[in-house]
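*Asks:*
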Amino acid sequence: DAGVIQSPRHEVTEMGQEVTLRCKPISGHDYLFWYRQTMMRGLELLIYFNNNVPIDDSGMPEDRFSAKMPNASFSTLKIQPSEPRDSAVYFCASSGDRSSQPQHFGDGTRLSIL
Amino acid sequence: GESVGLHLPTLSVQEGDNSIINCAYSNSASDYFIWYKQESGKGPQFIIDIRSNMDKRQGQRVTVLLNKTVKHLSLQIAATQPGDSAVYFCADTGRRALTFGSGTRLQVQP
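From first to last, the protein sequence lines stand for chains A and B.
Residues in the first sequence are numbered from 6 upward in steps of one, following our numbering.
Residues in the second sequence are numbered from 142 upward in steps of one, following our numbering.
Structure below.
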């Protein structure tokens, strides 16, 4: 079975540029989560969706970050404009339930902002 | 606020020995706990989970113990193998969707 698919795997861009990260969740999963992982802060939940609706975006760092889920099989996380401190690995995960089933993670997008 | 933490940042064991990775959580309302394994360059991989109405659950070579009284989780890996080398995270689903601890790196010595 296909797991969570993220693209691109790596992204290197200059500060000020717009960055778009993409995620395809596991089919049938109603929940989709975006995380950021850094050495300093570990894994942080940025936002999650239930049935394509954003439920909790309290982890989104600032207005430069936005996330959408136009349909059940696709989500984007956008950073505009990007800054060097946004450099991190961004993970997408999906699950069938928020609090009784494990989340399944993609392999992440390694983002470097120069 | 809620937090999930780990006692030891790095654990080194001999191949074939048993490993025990510990985790403390602070949110007494947490009712579901998960252990993940993360290898270099990959996303966290689900290992085993446990609900708050249980105190022990076993999988293949892994056992999770939950002590709600002291808000403590542990992951036991039997007969540790080189392929078990990774960072291990505990996580709980309390008020937010999932809160991760800082992770423990398990190093398996041949």
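Backbone N, C-alpha and C define an ideal beta-carbon position, used for all residues, glycine too.
Keep in mind the model is a prediction, meaning the values are calculated, not measured.
1) Interface residues of chain A around P185 (chain B) at Cβ under 7 Å?
2) Have a look at I60 (chain A) and I52 (chain A) and give me their C-alpha separation to the nearest angstrom.
3) Give the interface partners of G21 (chain A) over in chain B, defined as CB-CB distance under 9 Å, in chain order.
4) For S153 (chain B), does the count of other Cβ atoms within 10 angstroms reach 16, so buried, or fall short, so exposed?
5) Does chain B have any CB closer than 8 Å to the CB of D35 (chain A)?
6) What do you get for S117 (chain A), buried or exposed, if any count of 16 or more other CB atoms within 10 angstroms of its CB means buried?
7) Does the distance from the CB of S226 (chain B) to the CB of V249 (chain B) come in under 8 Å?
8) Quick one: is G224 (chain B) near chain A, going by C-beta distance under 8 Å?
9) How long is the line joining the alpha carbons of Q63 (chain A) and T221 (chain B), rounded to whole angstroms?
10) Measuring only the C-alpha atoms, how far is G21 (chain A) from M45 (chain A)?
11) Report the rounded CA-to-CA distance for V9 (chain A) versus D112 (chain A), giving the unit in angstroms.
12) Quick one: which unbroken alpha helix (DSSP H) runs of 4-plus residues sit fully inside the region 53-86 of chain A? Chain order, please.
13) Can you check whether the C-beta of H148 (chain B) is within less than 8 Å of a C-beta belonging to chain A?
14) In angstroms, rounded to a whole number, what distance separates the CA positions of Y95 (chain A) and Y40 (chain A)?
15) With a threshold of 7 Å, establish whether the CB of S71 (chain A) neighbours any heavy atom of the ligand HEM.
16) Less than 8 Å separating the beta-carbons of Y173 (chain B) and S105 (chain A)?
17) Following the continuous beta strand (DSSP E) through Q201 (chain B), name the residue where it begins and the one where it ends.
18) Here's the rule I'm using: 16 or more other beta-carbon atoms within 10 Å means buried, otherwise exposed. How should G224 (chain B) be labelled?
19) Determine the DSSP secondary structure at G224 (chain B), reduced to helix, strand or coil.
20) Between I161 (chain B) and K73 (chain A), what straight-line distance do the alpha-carbon atoms span, to the nearest angstrom?
21) Where does R14 (chain A) fall in DSSP's three states?
22) Pull up the CB-CB distance for R246 (chain B) and P185 (chain B), whole angstroms please, since I reckon it's below 8 Å.
23) Return no unless some Cβ of chain A is closer than 8 Å to the Cβ of G244 (chain B).
24) Excluding five sequence neighbours on each side, which residues of the same chain lie with their C-beta closer than 8 Å to the C-beta of D102 (chain A)?
*Replies:* This is what the structure gives:
1) F110
2) 8 Å
3) Neighbours of G21 (chain A) on chain B: none; closest Cβ ~28 Å, over 9 Å.
4) exposed
5) no
6) exposed
7) yes
8) no
9) With the sequence shown as reference, residue 63 (chain A) is identified as Ser, and Gln is not the correct amino acid for it. Cα to Cα, the separation comes out at about 39 Å.
10) 23 Å
11) 8 Å
12) none
13) Residue placement at H148 (chain B) cannot be trusted, given a pLDDT of 43 that sits under 50; the coordinates are not used to answer.
14) 6 Å
15) Ligands displayed in this structure: none; no statement on the ligand HEM is therefore possible.
16) yes
17) Run containing Q201 (chain B): none; DSSP gives neither H nor E here.
18) exposed
19) helix
20) 40 Å
21) coil
22) Going by Cβ atoms, the distance from R246 (chain B) to P185 (chain B) rounds to 14 Å, so no, they are not a contact pair.
23) yes
24) D35, Y36
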